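Novice:
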Amino acid sequence: MMFRKAKASYAAHHEVLVRALYDTHGKALLAYAKRLTNDQLTAEQITQETLVRAWRQTELAALHSRSLRGRLLTMARNIIAERHSAEDTSPLQTPHASRRAVPSVSR
């Protein structure tokens, strides 16, 4: 029973932290991501992923608000760069992947 209360308290604390991050920095993150991606849906996904990553990094909570915003914007930019890098290396994303001839097997 005590474990359930502690677990519920822990979850509530983290929910409050994520809500506070979003309330304080969400608009700036979304605007920044939209400016970099030129796409509303992608910008929303980047914002969400940034907040989740920030939530996982407990040391971020100790940063001053201005430092935290800078860290969050850097995280968002890095996520965008990671996505572009993944798109560039994915064989499914290459423009001519479907045109490549499948080698025949000689018997």
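Using this note's numbering, the first residue of the sequence shown is number 13, and each one after it goes up by one. Positions of the beta carbon are idealized from the N, C-alpha and C atoms, including for glycine. All values reported here derive from a predicted model rather than from experimental measurement.
1. By a C-beta neighbour count over all protein chains shown, 10 Å radius and 16 as the cutoff for buried, is His26 buried or exposed?
2. Considering only the alpha carbon of each residue, which of Arg68, Thr59, Gln69 lies closest to Thr36?
3. Considering Gln69, what are the terminal residues of the alpha helix (DSSP H) in which it resides?
4. By the three-class DSSP mapping on this structure, what secondary structure does Asn90 have?
5. I'd like the list of long-range same chain contacts for Glu61, defined as Cβ closer than 7 Å, with 5 residues on each side in sequence excluded.
6. Return the chain-ordered list of same chain residues with a C-beta closer than 7 Å to the C-beta of Ala55, the five sequence neighbours on each side being excluded.
Specialist: With the given structure in hand:
1. Translated into the one-based positions of the sequence shown, residue 26 becomes position 14. Exposed, since its Cβ has fewer than 16 Cβ neighbours within 10 Å.
2. Within the sequence shown, the letter at position 24 stands for residue 36. When each option's Cα is compared against that of Thr36, the closest is Thr59.
3. Residue mapping note: residue 69 aligns to position 57 of the sequence shown, counting from 1. Per DSSP, Gln69 belongs to no alpha helix (DSSP H) and is neither H nor E.
4. For this step, residue 90 is matched to residue 78 along the sequence shown. Annotated three-state conformation of Asn90 is helix, per DSSP.
5. Position 49 of the sequence shown, counted from the start, is the residue given in the question as residue 61. Cβ within range, chain order: Ile91.
6. Stepping through the sequence shown from its first residue, residue 55 is reached at position 43. Cβ within range, chain order: Leu42, Ala45, Lys46, Thr49.
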